[in-house]
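Asker: The following block contains the structure, expressed as structure tokens.
In the UniProt record's numbering, the protein residues as written are 1 to 487.
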């Protein structure tokens, strides 16, 4: 198994994490410090409407849209739903973020995730990760969990449990139990719409997820996150074997390491693959379509075999892109036509194999006579592209870049231009971007922290396209005409 390197960066009120294998991004996460909605958040809600025909209720959690609660996400299912009525107070947890015009999906079956355990209050149950396959190990861990838990508590044993001592698992259970008890106590006193519990910081959430201990190194661009990770690795089983590095280069870490270049490709529909072929990824309301195009690919002496090899590479890249972009729902792939039934079967198997590493459930159907493979995948969290682009607020048909995109681009380009020792630089960007940067005090403070006393100017340029910009060295005493000094 390839070793993973994890990159952490934090700036201007948000965190960004990228996981790479052999230099390629395989996973990426972002988190707004000011986010109101995050998977794992627990709210005190109030029942807004019960729809018996849908076997569901809509819960007002004080968010922009009411949340969807299915009967199956109530501890006692449809029976409990029949007792719910408008105005009832209820404690719920976000399991799926809002998307488009849909509100968040919530559950009343609360869960608190630790390194080795998932704690399920009010559920008398012990489960274990399917990835722990050794029968003897599974039985011993289940017995240990049953001894440690109280009546009416549920536990799911995670992959990291075999690396932990019984004492460590017991201590984590006590901690998770206290978190739940505090949350329940707050619920009793709080007003409807109150956020009762929010999941842990980005480093904790990421390290908790990557518990297979195949992480080779962690590179951190932020001092605060570095100290947090340093303390965490001291208590994390196997943590002392993970190389932790504080990045202190003159250039922006995500630019210097090539992470940004790969991230920019996430919101592009075209993805090049080996052999001259490429993918086109397109989203609709109902499904995501992925077309494998031949491009400059012309085949070789054995055309069928060459097509087969290209489709294999496409299957692997499709799995990577689906996980990286966090695509969920129905996905339909149109592969390059092949005649051999064995080859057609093998492509589906390769896609399944490539999708397997990861937490998201999926199901792959056999390739059809038309060369199509349909598969479904559960989207976990938000799509990374939404961090960088959003629907155009003027016309609605296209996209525009977000404040976070411009902040990252500005800091990256400024640090790069100043890395040679210049005293002043100017960024030339679209007027909308210039306005964002000029008025963002959080960005200016971050800029000061990263480039010191160097003079930085921004120039609004109507000729720049959406997301376009460049940064050039200028004279501190004589900046370009019309430029505004940021510091």
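All C-beta atoms in this analysis are idealised placements derived from N, C-alpha and C, irrespective of residue type, glycine included.
Treat the numbers as computed from the prediction; the structure is a model and nothing was measured.
1. So, for residue 340: in the same chain, excluding its five sequence neighbours on each side, which residues have a beta-carbon less than 8 Å away from its beta-carbon?
2. How many angstroms separate the CA atom of residue 330 from the CA atom of residue 375?
3. Please give the ranges of any alpha helix (DSSP H) in the region 412-482, keeping only runs that are unbroken, at least 4 residues long and fully inside the region.
4. Thinking just about the alpha-carbon of each residue, which of 100, 67, 50 is nearest to the one in residue 79?
5. Buried or exposed: where does residue 58 fall if 16 or more other Cβ atoms within 10 Å of its Cβ makes it buried?
6. Which same chain residues end up closer than 6 Å to residue 217 when comparing Cβ atoms and leaving out the 5 residues on each side of it in sequence?
7. Can you grab the Cα-Cα spacing for the pair residue 155 / residue 485, in whole Å?
8. Looking at residue 19 and residue 69, is the spacing between their C-beta atoms short of 9 Å?
9. For the beta strand (DSSP E) that residue 8 lies in, which residues bound it at each end?
10. Just curious, the alpha helix (DSSP H) that residue 294 is in, first and last residue?
11. Could you give the distance in angstroms between the alpha-carbon of residue 467 and the alpha-carbon of residue 455?
12. So, does the region 416-435 touch the region 23-43, judging by three or more C-beta pairs under 8 Å?
13. Evaluate residue 310 with the Cβ neighbour count: other Cβ atoms within 10 Å of its Cβ, from every protein chain shown; 16 or more gives buried, anything less gives exposed.
14. Pick from 335, 450, 391, 30: whose alpha carbon is nearest that of residue 414?
15. Note down, one range per segment and in chain order, each alpha helix (DSSP H) of at least 4 residues found wholly within the region 332-407.
16. May I ask you to verify whether the region 5-16 touches the region 220-228, counting CB pairs closer than 8 Å and requiring at least 3?
17. Are the region 125-144 and the region 177-186 touching, with three or more C-beta to C-beta distances below 8 Å?
18. Using the rule of at least 16 other Cβ atoms within 10 Å of the residue's Cβ for burial, across every protein chain shown, is residue 405 buried or exposed?
19. Output the boundary residues of the alpha helix (DSSP H) element that contains residue 254.
20. By the DSSP assignment, the beta strand (DSSP E) with residue 242 in it spans what residues?
21. In angstroms, rounded to a whole number, what distance separates the CA positions of residue 151 and residue 435?
22. By the three-class DSSP mapping on this structure, what secondary structure does residue 118 have?
23. Report the CB separation of residue 194 from residue 44 in whole angstroms; it is logged as a contact under 8 Å.
24. Taking DSSP's pairing of strands, which residues face residue 31 in a bridge?
25. Measuring alpha carbon to alpha carbon, tell me which residue in 328, 255, 230, 253 is nearest residue 286.
26. Between which two residues does the beta strand (DSSP E) containing residue 103 stretch?
27. Compare the C-alpha of residue 229 against each of 325, 254, 203, 240 and name the closest.
28. In terms of residue numbering, what span does the alpha helix (DSSP H) encompassing residue 144 cover?
29. Quick one: what's residue 285 bridged to in DSSP?
30. List the endpoints of the continuous beta strand (DSSP E) containing residue 270.
31. Please return the same chain residues whose Cβ sits closer than 8 Å to the Cβ of residue 258, not counting the five positions on each side in sequence.
32. Going by alpha carbons, who is nearest to residue 214 out of 159, 441, 101?
33. Closer than 7 Å by C-beta to residue 418: which residues in its own chain qualify, once you throw out the five before and the five after it? Chain order, please.
34. For a test of your reading of the model: does the CB of residue 253 fall under 8 Å from any non-hydrogen atom of the ligand PLP? Yes or no.
35. What did DSSP end up calling residue 279 once you bin it into helix, strand or coil?
36. Relative to the C-alpha of residue 17, which residue among 470, 201, 316, 469 is closest?
Answerer: In this structure, then:
1. 304, 308
2. If you take the alpha carbons of residue 330 and residue 375, they lie about 6 Å apart.
3. 431-439, 441-451
4. 50
5. buried
6. 5, 243
7. About 56 Å.
8. no
9. 4-11
10. Taken as a continuous stretch (DSSP letters only), residue 294 belongs to no alpha helix (DSSP H), as it is neither H nor E.
11. Cα to Cα, residue 467 sits roughly 23 Å from residue 455.
12. no
13. buried
14. 450
15. 341-355, 385-388
16. yes
17. no
18. Answer is buried; the Cβ neighbour count reaches 16.
19. 253-256
20. That residue, residue 242, is in no beta strand (DSSP E); it is neither H nor E in DSSP.
21. 58 Å
22. strand
23. 5 Å
24. 15
25. Nearest C-alpha to residue 286: 328.
26. Residue 103 -> no beta strand (DSSP E), and no H or E assigned at all.
27. When only C-alpha atoms are compared, the closest one is 203.
28. Where residue 144 is concerned, the enclosing alpha helix (DSSP H) stretches over 135-148.
29. Looking at the DSSP assignment, residue 285 forms no beta bridge with any residue, so it has no partner.
30. Counted as a single uninterrupted DSSP element, the beta strand (DSSP E) harbouring residue 270 occupies residues 270-272.
31. 23
32. 159
33. 425, 451, 454
34. With respect to the ligand PLP, the structure shown offers nothing to examine, as it has no ligands at all.
35. strand
36. Residue 17 has its Cα closest to that of 201, out of 470, 201, 316, 469.
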